[in-house]
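Colleague: If you scroll down you'll find the structure; I have some questions about it.
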Amino acid sequence: MVAIRIMVVEDEALIALQLTRALTRDGFDVPHPVAAGEEAVVAARTGDYDVIIMDITLRGAMDGIEAARAIGAFSGAKIIFTSGHSDDETMRRVRDFHSAGFYSKPVDIEELKKTIRRIM
Amino acid sequence: MRTSSGRRKFGTQSVLILMFSAIVVVLSVSYTVLLIQYRTRDVIKLADFQLLTAAAFSWELLGHDYHDRINDEKSVSNERFAQIVARNDYLCRIMDIQYLWSVLVTDGDIVFTSGTHSDLRDPASACATFFENHSDPASFAPALEPGSGTVFSTFDNEWGKGRQVLIPHQDILGRTYIFGASMQLTKFDAMISRTVLIACGVGLAAILLAILLSVPLSRFVVSPIKTLTEGANLMAVGNFDIILAPSRIRELHSLSVSLGTMRTNLTQYMDRLRESELRQHAVLQRALDGFWRVSLDGRIIEVNQAYCEMSGYTEEELLRMRIPDVEAEESKTDTEAHMSTIIQRGWDRFESRHRRKDGSFFDIETSVQFRKEQGGTVYAFLHDTTERKLADARIRKSLEEKTTLLKELHHRTKNNMGIIMALLDLQAEELDDERLRAALSDTKNRIKSMAMVHRMIYEANDLSRLDLGDYVRELVNILVRSFERKPGKIAIEENLESFPVLIDIAIPCGLILTELVTNALKHAFPGGEGGRITLTLHRANDGAIELGIADSGPGFVAGFDPRRDGHLGLQTVLALAENQLGGKVEISGDNGVRWLISFEESAFKARI
Chain L
186 MVAIRIMVVE
196 DEALIALQLT
206 RALTRDGFDV
216 PHPVAAGEEA
226 VVAARTGDYD
236 VIIMDITLRG
246 AMDGIEAARA
256 IGAFSGAKII
266 FTSGHSDDET
276 MRRVRDFHSA
286 GFYSKPVDIE
296 ELKKTIRRIM
Chain F
808 MRTSSGRRKF
818 GTQSVLILMF
828 SAIVVVLSVS
838 YTVLLIQYRT
848 RDVIKLADFQ
858 LLTAAAFSWE
868 LLGHDYHDRI
878 NDEKSVSNER
888 FAQIVARNDY
898 LCRIMDIQYL
908 WSVLVTDGDI
918 VFTSGTHSDL
928 RDPASACATF
938 FENHSDPASF
948 APALEPGSGT
958 VFSTFDNEWG
968 KGRQVLIPHQ
978 DILGRTYIFG
988 ASMQLTKFDA
998 MISRTVLIAC
1008 GVGLAAILLA
1018 ILLSVPLSRF
1028 VVSPIKTLTE
1038 GANLMAVGNF
1048 DIILAPSRIR
1058 ELHSLSVSLG
1068 TMRTNLTQYM
1078 DRLRESELRQ
1088 HAVLQRALDG
1098 FWRVSLDGRI
1108 IEVNQAYCEM
1118 SGYTEEELLR
1128 MRIPDVEAEE
1138 SKTDTEAHMS
1148 TIIQRGWDRF
1158 ESRHRRKDGS
1168 FFDIETSVQF
1178 RKEQGGTVYA
1188 FLHDTTERKL
1198 ADARIRKSLE
1208 EKTTLLKELH
1218 HRTKNNMGII
1228 MALLDLQAEE
1238 LDDERLRAAL
1248 SDTKNRIKSM
1258 AMVHRMIYEA
1268 NDLSRLDLGD
1278 YVRELVNILV
1288 RSFERKPGKI
1298 AIEENLESFP
1308 VLIDIAIPCG
1318 LILTELVTNA
1328 LKHAFPGGEG
1338 GRITLTLHRA
1348 NDGAIELGIA
1358 DSGPGFVAGF
1368 DPRRDGHLGL
1378 QTVLALAENQ
1388 LGGKVEISGD
1398 NGVRWLISFE
1408 ESAFKARI
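Protein chains in written order, with our numbering: chain L, 186 to 305; chain F, 808 to 1415.
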């Protein structure tokens, strides 16, 4: 069976490392995480990902939702957003995108794993 | 100072003389006309009496059967006729009438049966003319009317007006015979002329008397009244600088004294009023707030210096303006409607914005009152709130910045706790010792409970409080989910009230719950058979909070005393409950473990 390929987009390196290791340990294929929206778009063009765990607040000009829109134009990868911000405006933008899920930080990794398995 | 001048006195006197004279002239003329009328009537009555007496006397003298015996015109002899004429002449003379006669009417013809010889006053010509005139039967027509009695009539001839009487009778043959007498009324002219002369004399005397009376009347009555009236009129328009001269007439003097007292009182009252107005004006002019007095059509009729400085207009410019000329928020129609509301309600207080002369704007808080006196006026006090509004905006902005900063602080704290949790996770992966990994996991859960408080604070509008019921519910669910091997094995019963608490209460409560729920999950349900955790949260009216947690497990092992035998986790719970929250802890270990922690909310004060 081919492992589910996941891209972690997270500008907090330790959080990214925690997610990457936790998901890898559970058998998911998680290559090196990216920290900026622009990098995520480039990686998505070449990486053929099934799921993208996308932090909304990222370094660089492009935030997670904008990066997800750009990726959605050419990729069928499922997007799961994470964010430390859960204000009304952020939540409205997330709802408008029709993502596969949203997790407020700190992310409950066990719940995240369940969601990934459910949508795939 | 105003007094009655000599010219004015003369004028009053002249008017009085003219007025009295006119009245006297009118009265005199009327009296004369009436007198002439009455005199003329008396003259006619006198004449009629004389004529009637003469004619009747003539009939008596001739005898009632005189005409019965006249069968034709020749039946009276010339001699007899001459005697009759002579006697009639005599009668005319003594009774002072002109003619006396009798006629017999036969077949429409007139036959004189008696007469006078001549006109006593004009014997040469009158007789012939008279009889010629009276030969006409038409001149006797009034006396020939059927049923006619004595007829008096007036006639005109070359000597003037005359009066005659006709007394018709019937003789035994059924013929009509008429006794008549006439006289010239001109004989009374002299008497009427005398009457007119007397009337004119009386009139002239009355005019002279009126002139003589008008002088003292004018000097002692009319002029003083006029002076007093002028004085009262001057006082009515606010001029009290008048002289009230004494009068010789007691009533006028009393009136003058009363007016003088009134003037004194009014002068004092006006002085006080003027002083009050000056003080009020000075206060209004020196006031820091603007002041307007506005007519009902919106015209500014009074303005103080403060508003001039606010608006940049001079007082003269503002007094030529209306409210819409400076009002920047309301349209002209709005202002008119607003004015109607103020008039109806009597007062108002509102905020608005005015336009300065240089085109810039300033904010105004206006307090207005409507007074209906003098046709209605609106008084407005205008407070420039521009600086206050700017200060308010600065404070609001500063508060927003601080709120944002505080939220960001909670956000950063929560994120940093997330990073710490990640580090603990990563560290746990490196450990082979299950006890150490469990210890790190417990620590991670403790940090998670604190991170959740910061997240909920960050998400809420209140930066110092969060809903304890919601927090307990969410925290316990996360803890249970993270421990459950098989979902649904652990049932959670909740009886949680919702109420906000300070972060100083929420964090110890979160740590206590984390320890006790973790303990229950680890020890209450051995073998994975599942069970029930019961949570209660209640706040009494006096602010006492009770937090309860119980499990359906077997309870403490025999002889276990959590205060004595409990490890770090339970010691932490007791320390937080009793020392940090200042509460009491009740523990029961039979038929499941049950913790009841109660503490006073009032022991904690908000820090922000």
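A virtual CB, placed ideally from N, CA and C, is assigned to each residue, including glycine.
Note that this is a predicted model, so its numbers are computed, not measured.
Counting only Cβ pairs nearer than 7 Å, list the residues of chain F close to Gly269 of chain L.
Modeller: Those are His1218, Lys1221 and Asn1222, listed as they occur along chain F.
Colleague: Would you say Asp235 of chain L lies against chain F (beta-carbon separation less than 8 Å)?
Modeller: Answer no: the Cβ-Cβ gap between Asp235 of chain L and chain F never drops below 8 Å.
Colleague: Check each residue of the region 211–226 of chain L: if its Cβ is closer than 7 Å to any Cβ of chain F, include it; give the result in chain order.
Modeller: If the cut-off is 7 Å between Cβ atoms, the region 211–226 of chain L has nothing near chain F.
Colleague: Within its chain, find whatever has a CB closer than 6 Å to the CB of Val958 of chain F; leave out the 5 residues flanking it on each side and keep chain order.
Modeller: Result list for Val958 of chain F: Pro949, Ala950 and Leu973, in chain order.
Colleague: What does Trp908 of chain F pair with, by DSSP beta-bridge criteria?
Modeller: Trp908 of chain F pairs with F:Gly987.
Colleague: Return yes when the Cβ of Ile999 of chain F is within less than 8 Å of the Cβ of Arg846 of chain F, no when it is not.
Modeller: In contact: Arg846 of chain F and Ile999 of chain F (Cβ atoms closer than 8 Å).
Colleague: For Glu1353 of chain F, I'd like the list of residues in its chain whose CB is within less than 6 Å of its CB, leaving aside the five on either flank, ordered along the chain.
Modeller: Closer than 6 Å at Cβ, skipping near neighbours: His1345 and Ser1405.
Colleague: Would you report the Cα separation of Gly1225 of chain F and Ala1198 of chain F, rounded to the nearest angstrom?
Modeller: Between Gly1225 of chain F and Ala1198 of chain F, the C-alpha separation is close to 40 Å.
Colleague: Taking Val1287 of chain F as the reference, which of F:Ile1340, F:Glu1304 and F:Tyr897 has the closest Cα?
Modeller: Among F:Ile1340, F:Glu1304 and F:Tyr897, the Cα nearest to that of Val1287 of chain F belongs to F:Ile1340.
Colleague: If you check the beta carbons only, do Arg1280 of chain F and Glu1301 of chain F fall under 8 Å apart?
Modeller: In contact: Arg1280 of chain F and Glu1301 of chain F (Cβ atoms closer than 8 Å).
Colleague: Identify the continuous alpha helix (DSSP H) that holds Asp235 of chain L and give its terminal residues.
Modeller: Counting along the chain, Asp235 of chain L falls outside any alpha helix (DSSP H), and DSSP gives it neither H nor E.
Colleague: Kindly indicate if chain F contains any beta-carbon less than 8 Å away from that of Ser289 of chain L.
Modeller: Yes, contact with chain F.
Colleague: In this structure, how does DSSP classify Ala854 of chain F when only helix, strand and coil are distinguished?
Modeller: Helix, per DSSP.
Colleague: Would Glu274 of chain L pass as an interface residue toward chain F - the criterion being a Cβ-Cβ separation below 8 Å?
Modeller: Not one chain F Cβ lies under 8 Å of Glu274 of chain L.
Colleague: Assign Arg1106 of chain F to one of three DSSP states: helix, strand, or coil.
Modeller: Arg1106 of chain F: strand per DSSP, three-state reduction.
Colleague: Three Cβ pairs or more, each shorter than 8 Å: is that satisfied between the region 1061–1075 of chain F and the region 1034–1052 of chain F?
Modeller: These segments touch.
Colleague: Short of 6 Å in beta carbon distance, which residues of its chain neighbour Ser284 of chain L, apart from the five on each side in sequence? Order them along the chain.
Modeller: Result list for Ser284 of chain L: Ile264 and Phe266, in chain order.
Colleague: Which residues does DSSP list as the beta-bridge partners of Ser921 of chain F?
Modeller: For Ser921 of chain F, which the question treats as bridged, DSSP gives the partners F:Ser909.
Colleague: Spatial neighbours of Asp978 of chain F within its chain, please: C-beta separation below 7 Å, excluding the five flanking residues on both sides.
Modeller: Here the set comprises His874, Asp875 and Tyr984.
Colleague: Please state whether the Cβ-Cβ distance between Asn1222 of chain F and Gly269 of chain L is less than 8 Å.
Modeller: Yes; because the gap between Cβ atoms is below 8 Å, this pair is in contact.
Colleague: To the nearest angstrom, how far is it from the Cα of Leu853 of chain F to the Cα of Leu980 of chain F?
Modeller: Distance between the alpha carbons of Leu853 of chain F and Leu980 of chain F is about 35 Å.
Colleague: From the beta carbon of Ala1235 of chain F, is the nearest beta carbon of chain L less than 8 Å away?
Modeller: Chain L, which has no Cβ nearer than 8 Å to the Cβ of Ala1235 of chain F, makes this no.
Colleague: For Val215 of chain L, report the span of its beta strand (DSSP E) as first-last.
Modeller: No beta strand (DSSP E) contains Val215 of chain L, which DSSP labels as neither H nor E.
Colleague: Near Leu927 of chain F, which residues of its chain fall below 8 Å by C-beta distance, leaving aside the five closest residues on each side in sequence?
Modeller: In this predicted model, Leu927 of chain F has a pLDDT of only 40, less than 50, meaning its place in the structure is not dependable enough to derive any value.
Colleague: Based on DSSP bridge pairs, tell me the residues matched to Ala1357 of chain F.
Modeller: Answer by DSSP bridge pairing, in chain order: F:Thr1341 and F:Arg1401.
Colleague: Quick one: give me the first and last residue of the alpha helix (DSSP H) that Gly1276 of chain F is part of.
Modeller: Where Gly1276 of chain F is concerned, the enclosing alpha helix (DSSP H) stretches over Leu1275 to Phe1290.
Colleague: Would you please verify whether the beta carbon of Lys1255 of chain F is less than 8 Å from any beta carbon of chain L?
Modeller: Chain L contact via Cβ: present.
Colleague: Closer than 8 Å is the cut-off here; do at least three beta carbon pairs connect the region 1095–1114 of chain F with the region 1141–1156 of chain F?
Modeller: Yes: at least three Cβ pairs fall under 8 Å.
Colleague: Counting only Cβ-Cβ distances shorter than 9 Å, please list the residues of the region 1280–1301 of chain F near chain L, keeping chain order.
Modeller: From the region 1280–1301 of chain F, only Ile1285, Arg1288 and Ser1289 have a Cβ closer than 9 Å to chain L.
Colleague: Of all the options F:Leu1247, F:Tyr1076 and F:Arg1026, which has the alpha carbon lying nearest to the alpha carbon of Pro1053 of chain F?
Modeller: Closest option to Pro1053 of chain F, Cα to Cα, is F:Arg1026.
Colleague: Identify every run of the beta strand (DSSP E) within the region 1016–1079 of chain F, keeping only runs that are complete inside it and at least 3 residues long; order them along the chain.
Modeller: Qualifying beta strand (DSSP E) stretches: none in this window.
Colleague: Taking only the alpha-carbon atoms, compute the straight-line gap between Val1175 of chain F and Lys1204 of chain F and give it to the nearest angstrom.
Modeller: For Val1175 of chain F and Lys1204 of chain F, the distance between alpha carbons rounds to 32 Å.
Colleague: Over the uninterrupted alpha helix (DSSP H) stretch that includes Gln1112 of chain F, give me the two end residues.
Modeller: Gln1112 to Ser1118 is the span of the alpha helix (DSSP H), which, as asked, contains Gln1112 of chain F.
Colleague: Kindly list, in the order they appear in chain F, the residues whose Cβ is closer than 8 Å to that of Asp293 of chain L.
Modeller: Neighbours of Asp293 of chain L on chain F, chain order: Ile1285, Arg1288 and Ser1289.
Colleague: Just to confirm the assignment, what range does the alpha helix (DSSP H) spanning Ser1256 of chain F have?
Modeller: Unbroken alpha helix (DSSP H) run through Ser1256 of chain F: Glu1241 to Glu1266.
Colleague: Looking only at DSSP bridge pairs, what is Ile1299 of chain F linked to?
Modeller: For Ile1299 of chain F, which the question treats as bridged, DSSP gives the partners F:Ile1340.
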